[in-house]
Amino acid sequence: MKPRITALSEKKLIGCKQNMNYAAYNSVSLWQSFMPIKKEIVNTVSADLFSVQKFPEGFWCNFNPNTIFEKWAAVEVTDFECIPANMNSLVIPSGWYAVFDYKGDASDAPAFFESIFGTWLPNSAYVVDNRPHFEILGSKYKKGDPNSEEEIWIPIRLK
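Residue numbering for the sequence shown follows the numbering used here, beginning at 1120 and increasing consecutively.
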């Protein structure tokens, strides 16, 4: 497991959000509400989808699966001039990210994240930074397909 360490420029996103936790994690309803209306967003940068987690401060220091966080289904936009009804805007601030390439369906994702936070991160020169975490679901993403590919972006800073 070797991520790319990447400097991210600020990103503007528009999408739908929902509060949830990992104990009862289920993002299906969020994506079901977003996908039929995403065509209303007129100033998209690309066809990529963003699956974003906005955690409260200290979330990873004292991990508790019952702690509530914001989950977003969104797309990147050029500006916030036209935000459709029932959607919200989110700015992902610039900063450093560890970018992991993930291949497989969602069933292997918990073990992959466990290896990031349980093995890679503690043995790296970095700690988690307090910025949104996200996955980019690009052209190689195929829901439920074992050959699906996506990028996992974890915000980091030096220890």
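All C-beta atoms in this analysis are idealised placements derived from N, C-alpha and C, irrespective of residue type, glycine included.
Item to check | Bridge-paired residues (DSSP) for residue 1291 | outcome: Lying outside 1120 to 1278, the shown extent of the chain, residue 1291 is not represented and no answer is given.
Checklist entry - If you compare alpha carbons, which of 1246, 1166 and 1234 is closest to residue 1260? => result 1166
Checklist entry - Which residue from 1226, 1234, 1202 and 1275 puts its Cα closest to that of residue 1253? => result Nearest C-alpha to residue 1253: 1275.
Item to check | For residue 1218 and residue 1272, the rounded distance between their alpha carbons | outcome: Their backbone Cα atoms lie some 5 Å apart in a straight line.
Item to check | For residue 1250, the residue or residues it bridges with in DSSP | outcome: Answer is none; residue 1250 lacks a bridge partner.
Next on the checklist: Comparing C-alpha positions only, which one of 1225, 1212 and 1156 sits nearest to residue 1135?
Outcome noted: 1156
Checklist entry - Between residue 1200 and residue 1160, what straight-line distance do the alpha-carbon atoms span, to the nearest angstrom? => result 11 Å
Checklist entry - Taking the continuous alpha helix (DSSP H) assigned at residue 1229, which residues delimit it? => result 1228–1234
Item to check | Rounded Cβ spacing between residue 1193 and residue 1171 (contact assumed at less than 8 Å) | outcome: 6 Å
Item to check | Cβ contact (3+ pairs, closer than 8 Å) linking the segment 1237–1256 and the segment 1195–1214 | outcome: yes
Checklist entry - Can you pull the DSSP bridge partners for residue 1153? => result DSSP, once it has assigned bridges, lists no residue as partnering residue 1153.
Item to check | Selection from 1257, 1191, 1130 and 1121 that minimises the alpha carbon distance to residue 1152 | outcome: 1191
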